[in-house]
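Quick notes on the structure that follows.
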Amino acid sequence: MDFSDFDVLDEFFSTGDSSNPIMMLVWILPLILFVFYGQRIQLIITSGDIKKKLAKLDQYRNDSRDDLIQYIKKNLTPKGDPVEKIDRFFDYFTIMPVDIDPNGIVPKIHRLVRSREDTTRKQVKSLFTEIDAMEITKIQTLLEIVTTLQLFHKIVRHLFLTAKKQNNYPLILPLQMMLPFIMEQADALRDAVPVLQQGQPIGDGIGPLVVGEMMLDTKKQKAEFETVYGESEFKGRKLILLKAEGPYATVGRPGEATEFLVSKFKPNIIIMIDAALKFEGEESGTIAQGFGAAIGGIGTDRFKIEEIATKYDIPVFSIVIKQSVSDAITLMKKKIADQTDNIKNQVHEMITDNTSANQSVLVIGVGNTVGVSQ
Amino acid sequence: MFEKNEIIESHTLEECDACKKQLKRKFSQGDYVFKYTSKCSSCNGQVRITKIFGETLTPR
């Protein structure tokens, strides 16, 4: 018997013949299934992944909260049990001012941010019988970290449960797209907790590190709350050096301090040194020069610096040190710390290129100065 | 982002103000950059912390 032209597939399913009813079912059923239930199937598949990440966010939030409470109980002297009050901090919210106000909302945001900071500081202080400035700034920063992790968890959970409740696949798509970015920040925040507890410098502190070194043999004076300045000289130019007061875990008040120093010294140029987020593919620790105020945050400090620079017609130059989110808020990596001399040389070059002898320069080291004195 | 199998070890770099002799050691609680720590063993100058940084140890 010759089986050479016997095709099993063709015999049972008649693949060459479209009139076979079994074959028609095999093709049409999945089509119908995907047309009517495709989104639900995708929702089920995506849900699994989101659920895992949600559990991870929940764990990060709980771990960082427990770490903070453990740190307080072990290293500080709280009045009674601080847990209830600390848990209340994590749910604090800020209502942004109405943005249809034609008079400008920056001063309102500025006031709101400062009053939130001041209130939190007072409340942290009231939790302890005795606490120094270093510990207050550390606790404040750690509270911000746990609050942010809690917010991430709440938002992701809300979007996920809403999509599930309404069986609404398109609603879950933006969440699926944003989740890797949220997780990157959450990972970095979780890694930042032990670093801050030990008061170690973070990648964001590279600006204060450079300026702190330039300030070493100068008389430190208060420019604003938790912000100090010193006066120095370089090749006939007067240098006014400004940074947050270290080694506290603070960014200081660079906006108000710049207003004060510009009004007092009328510098010819302003140079700002700050950490900046790198693009994917860029090396961490790369240095770049540019123009304009290099400062992050909600925008009120940058606004103040831009306003005062415009008022006195002062050019603003910037030097940024590129790094990832994780590098910026966790222990400063060696390759970033090793750039200090290189950055200082670039600052000096910028000064000689853009000013002449007897002129003055305001150099600002922007960033959190935890673990970096001056 | 730190890789899962990466261990970050924190180090403190000290330098003598006078003879510039450097010493790298493990970070200890209370260290901060520009803190004066001790007298230099070679020239009796002031030793201060110049850097605190993390280095990656990749397990074999």
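Protein chains in written order, with the numbering used here: chain A, -3 to 370; chain B, 56 to 115.
Beta carbons are placed, not taken as given, at the ideal position from N, Cα and C, and that holds for glycine.
Asked: If you measure beta-carbon to beta-carbon, which residues of the region 85 to 110 of chain B are closer than 7 Å to chain A?; Found: 87, 88, 89, 90, 106, 107, 108, 109, 110
Asked: From 370/A, 294/A, 345/A, 258/A, pick the residue whose C-alpha is nearest to that of residue 310/A; which is it?; Found: 258/A
Asked: Closest to residue 142/A by C-alpha separation, out of 206/A, 188/A, 107/A, 114/A, would be which residue?; Found: 188/A
Asked: Can you find at least 3 beta carbon pairs, one from the region 201 to 218 of chain A and one from the region 78 to 85 of chain A, that sit closer than 8 Å?; Found: no
Asked: Taking Cβ positions, are residue 326/A and residue 184/A nearer each other than 8 Å?; Found: yes
Asked: What residue range does the beta strand (DSSP E) around residue 285/A cover?; Found: 283 to 287
Asked: Report yes if the C-beta of residue 193/A is less than 7 Å from at least one heavy atom of the ligand NAP; otherwise report no.; Found: Of the ligands one can find in the structure shown there are none, so the ligand NAP has no counterpart to examine.
Asked: With burial defined as no fewer than 16 other Cβ atoms inside 10 Å of the residue's Cβ, what is the status of residue 107/B: buried or exposed?; Found: buried
Asked: If you follow the beta strand (DSSP E) that residue 268/A is part of, which residue opens it and which one closes it?; Found: 265 to 273
Asked: Quick check on the burial criterion: 16 or more other C-beta atoms within 10 angstroms. Buried or exposed for residue 154/A?; Found: exposed
Asked: Grouping DSSP H, G and I as helix and E and B as strand, with all else coil, what is residue 91/B?; Found: strand
Asked: For residue 196/A, which residues from the same chain have a beta carbon less than 8 Å from its beta carbon, with the 5 sequence-adjacent residues on both sides left out?; Found: 327, 328, 366, 367
Asked: Can you tell me whether residue 240/A is helix, strand or coil according to DSSP?; Found: strand
Asked: On the premise that residue 270/A lies in contact with residue 362/A, defined as a C-beta separation below 8 Å, what is that separation, rounded to the nearest angstrom?; Found: 4 Å
Asked: Would you say residue 304/A and residue 289/A are within 8 Å of each other, going by their C-beta atoms?; Found: no
Asked: Taking the straight line between their C-alpha atoms, what separation do you get for residue 177/A and residue 102/B?; Found: 43 Å
Asked: Taking the alpha carbon of residue 315/A as the reference point, which residue from 332/A, 169/A, 17/A, 346/A has its own alpha carbon closest?; Found: 346/A
Asked: Find the residues of chain B that neighbour residue 212/A, judging by a C-beta separation of less than 8 Å, and give them in chain order.; Found: 89
Asked: When burial is assigned at 16 or more other CB atoms within 10 Å of the CB, is residue 20/A buried or exposed?; Found: exposed
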